[in-house]
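A.B. asks: In my numbering, the protein residues as written are 752 to 1290. Glycine included, every Cβ here is placed at the ideal spot set by N, Cα and C. For clarity, every value in this text was computed on a predicted model and none was experimentally measured.
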Ligand SMILES: C[S@@+](CC[C@H](N)C(=O)[O-])C[C@H]1O[C@@H](n2cnc3c(N)ncnc32)[C@H](O)[C@@H]1O
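1) Can you give the Cα-Cα distance for residue 1155 and residue 1143, rounded to whole angstroms?
2) What three-state label does DSSP hand residue 773 in the structure shown?
3) Measure the alpha-carbon distance for residue 1104 versus residue 1097 and round it to whole angstroms.
4) Going by beta-carbon coordinates alone, are residue 971 and residue 925 separated by less than 8 Å?
5) Cβ-heavy atom distance between residue 985 and ligand 1 below 7 Å?
6) Measuring CA to CA, which of 900, 916, 1209, 955 is closest to residue 936?
7) Just to check my reading of the structure: residue 1145 and residue 1229 have Cβ atoms closer than 8 Å, yes? What is that Cβ distance to the nearest angstrom?
8) Within the same chain, show all residues whose beta-carbon is closer than 6 Å to that of residue 834, passing over the 5 residues directly before and after it, in chain order.
9) Of the residues 826, 856, 783, which one's Cα is nearest the Cα of residue 902?
10) Would you say residue 1012 and residue 1203 are within 8 Å of each other, going by their C-beta atoms?
11) Cα-Cα, which of 969, 1186, 1215, 1130 is closest to residue 1034?
12) Okay, do the segment 798 to 806 and the segment 867 to 886 touch, 3+ Cβ pairs below 8 Å being the bar?
13) Leaving out the 5 sequence neighbours to the left and right, which residues in its chain are closer than 7 Å to residue 1193 when beta-carbon positions are compared?
14) For residue 806, which of helix, strand or coil comes out of DSSP?
15) Helix, strand or coil for residue 1049? Go by DSSP, reduced to three states.
16) Using the beta-carbon count (16 or more within 10 Å), is residue 767 buried or exposed?
17) Hey, is residue 871 close to ligand 2, as in C-beta under 7 Å from one of its heavy atoms?
18) At the level of alpha carbons, what is the spacing between residue 1030 and residue 965?
19) Between residue 770 and ligand 1, is there a pair consisting of the residue's CB and a ligand heavy atom that are separated by less than 7 Å?
20) Compute the Euclidean distance between the alpha carbons of residue 982 and residue 1092, then round it to the nearest angstrom.
21) Would you please state the rounded distance, in angstroms, between the beta carbons of residue 1083 and residue 1157? I believe it to be under 8 Å.
22) Out of 1007, 861, 810, which one is the CA nearest neighbour of residue 1275?
23) If you scan the segment 1118 to 1159 from start to end, which runs of the alpha helix (DSSP H) of 4 or more residues do you find wholly inside it?
24) The alpha helix (DSSP H) spanning residue 855 covers which residue range?
25) Quick check: residue 798 and residue 810, are their CB atoms within less than 8 Å of each other?
26) Going by alpha carbons, who is nearest to residue 916 out of 1174, 836, 957?
27) Report back the beta-carbon spacing between residue 1292 and residue 861 to the nearest angstrom; my notes put them in contact at under 8 Å.
28) Could you tell me the alpha carbon to alpha carbon distance between residue 1250 and residue 1021, rounded to whole angstroms?
29) Exposed or buried, what is residue 1259 when buried is set at 16 or more other beta-carbons lying within 10 Å of its beta-carbon?
30) Expressed to the nearest angstrom, what Euclidean distance is found between the alpha-carbon atoms of residue 1118 and residue 1226?
31) Is any heavy atom of ligand 1 found at a distance shorter than 7 Å from the C-beta of residue 732?
32) With a threshold of 7 Å on Cβ separation, who are the neighbours of residue 1121 within its own chain once the five nearest residues in sequence on each side are excluded?
33) Have a look at the DSSP bridge pairing and note the partners of residue 937.
34) Output yes or no for whether 8 Å exceeds the beta carbon distance between residue 974 and residue 1199.
35) Would the beta-carbon of residue 1064 be found less than 7 Å away from any heavy atom of ligand 1?
36) Can you check the segment 1017 to 1085 for any alpha helix (DSSP H) of at least 4 residues that lies completely inside it and give the ranges in chain order?
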């Protein structure tokens, strides 16, 4: 990453498009007497439209970056006596240059993780958030949240907020206290998502938060999803929904569900279907695999181990990435001998180590393996903790996650999820219930994605995924799945096969209902991946 991009990223300086800024300013400014604050004005994306609708003495702003600050003053987008150079979180309502109360605060705050800030700045941000919300904010959060809360301190009664915020606002755990605060302090909440990315150069999904009637309260937020900015300006939403703030705080992913067709939402909440589904974690609890501490040193092929004379019983077959689950069918016993890796797991007692072990450990120490973080915090450094053979394995980075039976007796590293079935549950029943479009739909709803739209399965979310509750495995289904999953491109076919045998066969859904579910998967995948990546692929 170039030096300048690094500096921009460090202070979260990505500028809002004029169209979006225009739309928000026209919503926020209700009359010439309004006073508006832009708390982190950057290059002035919001100050330009503000200058068109308000006299200069009605517009105030702050910015921490001196270069951007100076540029804006030179362009006379703001008068010096109404501008603050410095940390917005250090400003106070009523203290120069800011009056006590504003009609509106508009902007696009920095999305910088608090842990990336200098300690004093992070502490200040957390203190501001707690002071306003009356409850602590998680240090794992981002700077945009204290900015929103600090902005509320500057609002007069009936005041408004118009902010561009990261899409994570709609689902991350650390934002839930903020939703509780917004619910108790604004009469109206509106959240707008646009499919077209507002920051094309960033793989950052955002929403527009429009909060009105400061001092009031509400139980819900009006959600609107638009194809692009033109549709927003024309007031042509693709989807609208009234979402209970309680559902957001409960972590039910209502902003994702709201993108689904109403008929599908009705089907998913019908007793007929809901009674036939269960959370994955109820039939098999998934957690991450072991952490070796140095992947290369602790994993050897059979040849490498033999060449070093390392005893067989100090080696345990291990799987270390999702790639190793591809094209092996539904069982780990099918992992080809030549592709197998072994976790080096010598005895902890030094006196039980063979000369070959001692040579290999010396090799590791010479390479500094014993100094690696996970190694130096355990005793002895070469003993990997938490080794258990799971019943099932699940790939982590995939929109069509692979699940296999671990009948090969492998261990699995933290690049995979490890499942232990509940008492009395047949693991093959879980695999049979995994491969179908309803599971894929639930993955799209429950699993969050990284920037750029990559789904990443973490235990807490994976265990919430809904799967059909099967009494028995449909005849011949497992062997048919196994045949498909032994081929490089059989994965989508395996999920389609499950639609026939499980969704139609066992759950008695109609073909039309299965198609509705499949369309739901495509809809959510499209929103998750966003637009830019597609363009790039086609260019
Ligand atoms: C995402 S940019 C948005 C700029 C402008 N609001 C826009 O929408 O184009 C965030 C801005 O916040 C500024 N900033 C970062 N931390 C700040 C702080 N603690 N106080 C004031 N401004 C800050 C950055 O320098 C950057 O210009």
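C.D. replies: In short:
1) Here the C-alpha atom of residue 1155 lies approximately 6 Å from the C-alpha atom of residue 1143.
2) Three-state DSSP puts residue 773 in a helix.
3) Between the alpha carbons of residue 1104 and residue 1097 lies a gap of roughly 7 Å.
4) The answer is no: Cβ separation not under 8 Å.
5) The answer is no for residue 985.
6) It is 900 whose Cα lies nearest to the Cα of residue 936.
7) With a contact defined as Cβ atoms closer than 8 Å, residue 1145 and residue 1229 miss out at about 17 Å.
8) Counting only residues of its own chain and dropping the five nearest sequence neighbours on each side, residue 834 has a CB closer than 6 Å to the CB of 812.
9) Put simply, of 826, 856, 783 the residue whose alpha carbon is nearest the alpha carbon of residue 902 is 856.
10) For residue 1012 and residue 1203, no; Cβs fall outside 8 Å.
11) Residue 1034 has its Cα closest to that of 1215, out of 969, 1186, 1215, 1130.
12) By the Cβ criterion, the segment 798 to 806 is not in contact with the segment 867 to 886, since fewer than three pairs of Cβ atoms, one from each stretch, lie closer than 8 Å.
13) 1216, 1217.
14) Looking at residue 806 - three-state DSSP - the assignment turns out to be coil, as it is neither helix nor strand.
15) DSSP, read as helix, strand or coil, puts residue 1049 in helix.
16) Residue 767 is buried by the Cβ-count criterion.
17) No copy of ligand 2 appears in this structure; the ligands present are ligand 1.
18) Looking at the two C-alpha atoms, the distance is approximately 39 Å.
19) Incorrect: residue 770 has no Cβ contact closer than 7 Å to ligand 1.
20) Each residue's alpha carbon lies about 53 Å from the other.
21) For residue 1083 against residue 1157, the beta-carbon gap comes to about 5 Å, under 8 Å, which counts as contact.
22) Shortest Cα-Cα distance from residue 1275 to any of 1007, 861, 810 involves 1007.
23) List check, alpha helix (DSSP H) in window: 1124 to 1127.
24) Careful: residue 855 lies outside any alpha helix (DSSP H), inside the beta strand (DSSP E) at 853 to 858.
25) A contact, by the Cβ cut-off of 8 Å.
26) For residue 916, the closest C-alpha among the options 1174, 836, 957 is that of 957.
27) Limits of the chain in this structure are 752 at one end and 1290 at the other, which puts residue 1292 out of reach.
28) Roughly 18 Å separates the two Cα atoms.
29) It counts as exposed.
30) Rounded to whole angstroms, the gap between the alpha carbons of residue 1118 and residue 1226 is 53 Å.
31) Coverage of the chain is limited to positions 752 through 1290, which leaves residue 732 absent and any answer about it impossible.
32) Taken in chain order, the residues that qualify are 1115, 1127, 1132.
33) As DSSP reads the structure, residue 937 sits in a beta bridge with 965.
34) Against a cut-off of 8 Å, the Cβ pair of residue 1199 and residue 974 comes out as no contact.
35) At a threshold of 7 Å, residue 1064 does not count as near ligand 1, since its beta carbon sits no closer than that to any of the ligand's heavy atoms.
36) DSSP runs (the alpha helix (DSSP H)) wholly in the segment 1017 to 1085: 1022 to 1025, 1031 to 1034, 1046 to 1049, 1053 to 1059.
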